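In the working numbering, the protein residues as written are 32 to 153. The beta carbon of each residue, even a glycine, is placed where N, CA and C say it ideally should be. These numbers were taken from a predicted model, which means no experiment stands behind them. Before any comments, here is the structure.
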Amino acid sequence: MKLLKNTVLMSLIALSGATSVYAADSHPVIEVVTLKIKPGVSFEEFKKIDKAVEDQHVSKQPGFISRESAAGQNQEWLVIVHWRSVEDADASMNSFTSAPAAGKFMQSIDSASMKMTRYQAP
């Protein structure tokens, strides 16, 4: 479990570099995350895990606007989250490791495949 928490923390630290290009203002942010689900985890199983992350953590964060997920090919998964501001997106990411639903989510993905890109709306 400690290794999992360290992996999650390192992934989030690496992803947090994506926020450095934004000024501290209140423009909406679109966060696009791509990842691969581990072999042996079905899309149907992961869909429930992903929904739990949304319902139990992400949607309850300040500044949350909307979230959608989609299955791709070859175990690929896409998540798009809309935030009110980069500060709100950062705060959610920083609290993710302590979210109960995050553990099962991170256990089900290839964390090395996770990539997050943020786009700031005009």
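TODO: Leaving out five residues on either side along the sequence, give the residues of the same chain with a beta carbon under 7 Å from the beta carbon of residue 102.
DONE: Closer than 7 Å at the Cβ level, and outside the excluded window around residue 102, lie 74, 108.
Task: Inter-residue CB distance, residue 116 and residue 57 (contact presumed, cutoff 8 Å) - done: 5 Å
Task: Run of the alpha helix (DSSP H) containing residue 133, from where it starts to where it stops - done: 131–138
Open item on the list: Just verifying my parser: in three-state terms, what is the DSSP assignment at residue 142?
Closed with: When DSSP states are grouped into helix, strand and coil, residue 142 belongs to the strand group.
Open item on the list: Considering only their Cβ atoms, is the gap separating residue 112 from residue 89 smaller than 8 Å?
Closed with: yes
- [ ] Please report the residue range of the beta strand (DSSP E) in which residue 101 lies.
- [x] 95–102
Task: residue 71 versus residue 136: straight-line alpha-carbon distance, rounded - done: 14 Å
Open item on the list: So residue 92 and residue 119 are supposed to be a Cβ contact under 8 Å. How far apart are they, rounded?
Closed with: 7 Å
Task: From 139, 124, 105, residue whose alpha carbon lies closest to that of residue 114 - done: 124
- [ ] Measure the Cβ-Cβ separation of residue 61 and residue 139 and say whether it is below 8 Å.
- [x] no
Task: Limits of the alpha helix (DSSP H) - the one that residue 84 falls within - done: Note, residue 84: alpha helix (DSSP H), 74–87.
Task: Nearest to residue 134 (by Cα), restricted to the options 87, 64, 151, 63 - done: 87
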